[in-house]
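See structure below.
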Amino acid sequence: MGLAATPRASDAARLQRYVLAAAGPVAVAGANFLLSFAMLRLERPEAFGIFTVLFAAAAFTIALSSALFAAPLHALHASAEQDRAAVSASVTSAAVAAGLLAWPAYVLLALAVGVGAWTAMIYGLFATLTILRSVGRAWRYAAGGAWRVTLSDMTYAGVTLATFGAAVSRFGVAPADAVYASLALGSALAVASLGRGYVWLLLTPHRASAGGYRAIWRAHARWSLQAVAAIEAVANAHIYLLTFLAGPATIAPIAASALLVRPINVIQNALIDYERAQLARSLSVNAMHEVDRSMRLVRAVLLLVWSVTVALGATILLVQPTLVFPAAYDPATLRLAAALWAAVSLAIILQVPGNVLLQAAGAFRTLAGAALRAAMVSVVGVLLAIAFATPVWTIAAIVPGWLVSSWIVARAVAALRRERGPASPLPPVDRP
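So for the sequence shown, my numbering puts the first residue at 521; every next one is plus one.
Here's what the structure looks like:
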C-alpha cells in the first residue's frame, strides 16, 4: 500500500491543508490584532473600549452570516437537496438583503456609543461588507476555488493595515476615525477578490430566490440563527452588559487582555470554516472513518495552539507586560483577566469538533438548544458578577455557560453515533 494511503500520510496531508486554510485567516487575524494593538496604544481607554464594543458587534455579523447562510450552504451543497446554482442564488440574494438591513442598524449602534455621524456611516458599511465577505468565503469553499478565499483574506489584511497606517502617520487622521474607514476599504476589496462569479451573484437579481431561501430557512437557518444569537450572548454578554451598565471604559482591561488569546480564535475559526465543508462531504458519502480522523486532528491542533498561545501570553505578562500594554493598565488585573480568558478559550475549543460535526450533519436545532441553555447560564452569571464583584470577574462568569453547551453537544454527538453506528452516514437531523 502506498504511503499516501496510510492514516499517517492522510493526517500529514490534512495538516498541510490546514496550513493552507489557515494562512488567510491568520493574515486577517494578524491585521485585526495590529489594529487593536494600535488602538490600545494610541487611544485612551474609553476610546479603546468603544472600538472593542463596535468591533465585537461587527464580528457578530460573521457568526450571523455563518448561521443564516454559510452552514446551510455547506449542508445543502453536500446533500444535493437542491440544485447548486439555485442554492447559491437564494443564499447570496438573502445575504445582500441582510447586509442592506444591517447597515442602518449598525450606524445607530455606533451613534449610540458616541461615534460621529460620518464615522458611524463608514462603520455600518464595514459591517455590511463583513456579511458579504463571510458568505463569499463559505460559497468559495463549497463551490470550489479555495485559493480565492486566501487571496481575499490577504487582500483584506494588506489593504486594511496599509490604509490605516497611511491615514494616521501620513495624513494625521485620528485613529478612532481611520480604523473604520480602513476596515471598510479592506473589506470591499476583499469581496472583489473572491472573484467575478461571486460578485455577479451579489449583483444579479434572482426572481425565485426569496422562495428558495424560505425553504432553506425552514429546514436549516432558523435553528442555526437561534444558536448563533445564543452563542453571542454566551461569548460577549459581559462586554454588552458592562458597556450598558458601567460604560465602555470598564471593558478596556478585559478587551486588552483578550488580545493575548486571539491566536486561538484565529486557528479555531479557520478550522471550522474548512472542516465544516469537508465533514459535510464525508457524511454525504458515508466516510465515517474520515469524520473520526478529522475530529481527532482538529482537537489535537486546537489544544496545541492553546498551549503555545497561553505560554507566550504568560511570558509577556510575567516578564515584560509594557511590551504590549500601556502603563495605564493595572498589571495584576491584566494577569487575572488573561488567566480567565485562557480558561474560557479552553472550554470553547473542547466543544469545537462536536459543534462542527453537528453543523455538517444539519443538527441546527440541537445546537440552538445547547446555545440557548448556555446563554441563560452566562447572562445570569455576568449579572451576578457585575453586582457582587469587580468587572474582570465577568470573564469567569461565562465559563459555566460554555461548559453547559459542551456537555449538551457531547451528548448529542454520542447519541448520533449510537443511533447510526460507526460505519453509517449521519444524515441531516432535526428537520421540522
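Yeah, the Cβ is synthetic: ideal placement off N, Cα and C, and Gly gets one too.
Beta-carbon proximity of residue i to residue j, cut-off 8 Å
i, j, result
"T829", "P773", "no"
"A880", "R796", "yes"
"F568", "A775", "yes"
"V818", "P873", "yes"
"V864", "W922", "yes"
"L877", "L822", "no"
"T581", "A663", "no"
"L917", "L904", "Here residue 917 is Ala; the residue named in the question, Leu, does not match the sequence. Yes. Within cutoff."
"A858", "S777", "yes"
"I642", "G619", "no"
"F557", "L779", "yes"
"V781", "A834", "no"
"V688", "A701", "no"
"F589", "V655", "yes"
"A757", "V897", "no"
"T680", "A551", "yes"
"T853", "V899", "no"
"G636", "I570", "no"
Enclosing alpha helix (DSSP H) for residue i [first to last residue]
i, result
"L671", "666-685"
"V957", "Any property of residue 957 remains undetermined from this structure, which presents the chain solely from 521 to 952."
"E566", "565-585"
"F908", "884-908"
"L722", "716-723"
"A710", "695-713"
"I774", "772-778"
"A916", "914-917"
Anticipated Cβ contact below 8 Å, residue i with residue j, distance rounded
i, j, result
"T675", "L645", "Actually they do not touch by this definition, with Cβ atoms about 17 Å apart."
"A890", "S925", "5 Å"
"L837", "R855", "5 Å"
"A750", "A867", "No, A750 and A867 are not in contact; Cβ-Cβ is about 16 Å, not under 8 Å."
"A769", "E566", "4 Å"
"L560", "F684", "Going by Cβ atoms, the distance from L560 to F684 rounds to 14 Å, so no, they are not a contact pair."
"L887", "N875", "7 Å"
"S804", "E810", "About 11 Å; that fails the 8 Å criterion."
"V616", "L722", "6 Å"
"A790", "A583", "Incorrect: roughly 15 Å between the Cβ atoms, too far for contact."
What runs of the alpha helix (DSSP H), each 4 residues or longer, lie entirely inside the segment 805-892?
808-839, 851-869, 872-880
Are at least three pairs of beta-carbons, each pair with one atom in the segment 755-762 and one in the segment 616-636, less than 8 Å apart?
no
Measuring CB atoms only, is the segment 565-583 touching the segment 626-640, in the sense that at least three cross pairs come out at less than 8 Å?
yes
Kindly confirm or deny that the segment 657-671 and the segment 608-617 touch, where touching means at least three C-beta pairs closer than 8 Å.
yes
Mind the definition here: the segment 693-711 touches the segment 664-683 only if three or more C-beta pairs lie below 8 Å; say whether that holds.
yes
Considering only residues of the segment 636-662, which uninterrupted beta strand (DSSP E) runs meet the minimum length of 3 residues and lie entirely inside it, listed in chain order?
none
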